[in-house]
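Data block below; observations after.
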Amino acid sequence: MGLDIETLVDLYRDMWLIRAFEFGLEREFKKGNVPGMLHTGVGQEATQAALAAHLKATDCFFPDHRCHGINALAQEKHQGDGERIMAELFGRATGVCSGKGGSLHSANPRVGNFGDNAVEGSYMATVLGVALAWQMRKEPNVACCIIGDGTVGRGEFHESLNMAAIWKLPVLYACVNNGYAISMPVGRGHASADIVDLARGYGMPCVIVDGNDIELAYTEVQKAIDFIRAGNGPYFLEFKTWRWQGLFSGEFRPPEEVKYWKEDRDPIKLAREKIVANSPMTLDDLARVEAEVKAEIERWIDFAKSSPMPDPAKATADVYVGWEVTS
Ligand SMILES: Cc1ncc(C[n+]2csc(CCOP(=O)(O)OP(=O)(O)O)c2C)c(N)n1
Ligand SMILES: [Mg+2]
0 MGLDIETLVD
10 LYRDMWLIRA
20 FEFGLEREFK
30 KGNVPGMLHT
40 GVGQEATQAA
50 LAAHLKATDC
60 FFPDHRCHGI
70 NALAQEKHQG
80 DGERIMAELF
90 GRATGVCSGK
100 GGSLHSANPR
110 VGNFGDNAVE
120 GSYMATVLGV
130 ALAWQMRKEP
140 NVACCIIGDG
150 TVGRGEFHES
160 LNMAAIWKLP
170 VLYACVNNGY
180 AISMPVGRGH
190 ASADIVDLAR
200 GYGMPCVIVD
210 GNDIELAYTE
220 VQKAIDFIRA
230 GNGPYFLEFK
240 TWRWQGLFSG
250 EFRPPEEVKY
260 WKEDRDPIKL
270 AREKIVANSP
280 MTLDDLARVE
290 AEVKAEIERW
300 IDFAKSSPMP
310 DPAKATADVY
320 VGWEVTS
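Numbering (numbering that gives the first Met the number 0), first residue to last: 0 to 326.
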């Protein structure tokens, strides 16, 4: 086993937190307690836990629509109040954006979360501005752009990679290739099912990672971030993974594929087996970790549910910068 056991157990705990967060959220969504749409990142926990483990509060990441997990981990790690991401998704005043952002528009730059928006991948352009500012100020930060395989189909993908490459900007492209854009298989939507093939022409390191193997994901993110922080320019990681959810509900994939990814390639199950096989930790020890995390997530849900709704009188507060809306 490559990583020390403490690190691996910490990552296991973080992956479990993401899954418990998503399952808890889904349960409440079905009860009608969570407004808007819900795209969960179940099955993709290793990628998010690996990125969250390495990104500092002074770095930034642009999350996509499946990134509740990294949002919660960053909030927990840097401000100690992950429950505010849950509250945000419940549309409550205690959320990180006072309940106005919800799943697709929440942000908190204080923890490095520079925000998603519903126009998939629009931040592939924005990330360049952040990275250029840091480069000009000689601040050794990393701007991470999390994009799905379908999002890569936008024209800005090429503009972004090109500009990041020619200016050697500190951008980490983290492409989460879960095999589908809505229900379009990646190999039918793009000229190559390996997104790195589309990125290689821009001359940056391009690496395919098993996105369901937390050790590999953690190690490859570390390498990429070290490379970028040292001033070498952008880096492209493609995480091969699979989302348990369709786009947001329903199932369109063959039963044998679903079975393979959920039973054989579940990143949490793989990590559990690795830990038990290679350390004194037992399944009971890990069950205790899981129970603690589940209890914490239920506390977050209670916090969200018992928080007040936003005050309608403050609907325009914090929405516009530098000018006031009076009517
Ligand atoms: C510019 C834009 N086009 C289309 C959509 C509608 N849309 C939402 S999610 C999605 C698929 C995204 O696929 P992918 O990037 O692979 O992410 P995944 O859902 O698989 O995680 C699309 C087309 C959108 N939100 N924005
Ligand atoms: Mg996809």
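Backbone N, C-alpha and C fix where the C-beta goes; we use that ideal spot for every residue, glycine too.
message = Please give me, in chain order, every unbroken run of the alpha helix (DSSP H) with length at least 4 that falls completely inside the region 15–68.
response = 44–53
ask   = When we look at the beta-carbon of V220 and count the other beta-carbons within 10 Å, is it buried (16 or more) or exposed?
value = buried
query = D265: which of V129, T125, G245 and Q43 sits nearest, CA to CA?
reply = Q43
ask   = Is N161 near ligand 1, going by C-beta to nearest heavy atom under 8 Å?
value = no
inquiry  = Considering only heavy atoms of ligand 2, does any lie closer than 8 Å to the CB of G149?
reply    = yes
inquiry  = Under 8 Å, with one C-beta from each stretch per pair, do the region 218–233 and the region 258–273 reach the 3-pair mark?
reply    = no
message = Considering just the uninterrupted stretch of the alpha helix (DSSP H) at D196, what are its terminal residues?
response = V195 to A198
key: Assigned secondary structure, D310 (DSSP; H/G/I helix, E/B strand, else coil)   = coil
message = Would T150 and D63 qualify as a contact pair, given that the criterion is a beta-carbon distance under 9 Å?
response = yes
V195 and V206 closer than 9 Å at C-beta = yes
ask   = Where does D80 sit, in a helix, a strand or coil, going by DSSP?
value = coil
Contact set for A117: own chain, Cβ-Cβ below 6 Å, skip 5 residues either direction = L103
inquiry  = Within a Cβ cutoff of 6 Å, which residues of the same chain sit near A1, ignoring the five residues on either side of it in sequence?
reply    = Ala is not the amino acid found at residue 1; the sequence shown has Gly there. Excluding positions up to five away in sequence, the list reads E214.
query = What distance in whole Å lies between the Cβ atoms of L54 and C143, which are believed to be in contact at a cut-off of 8 Å?
reply = 6 Å
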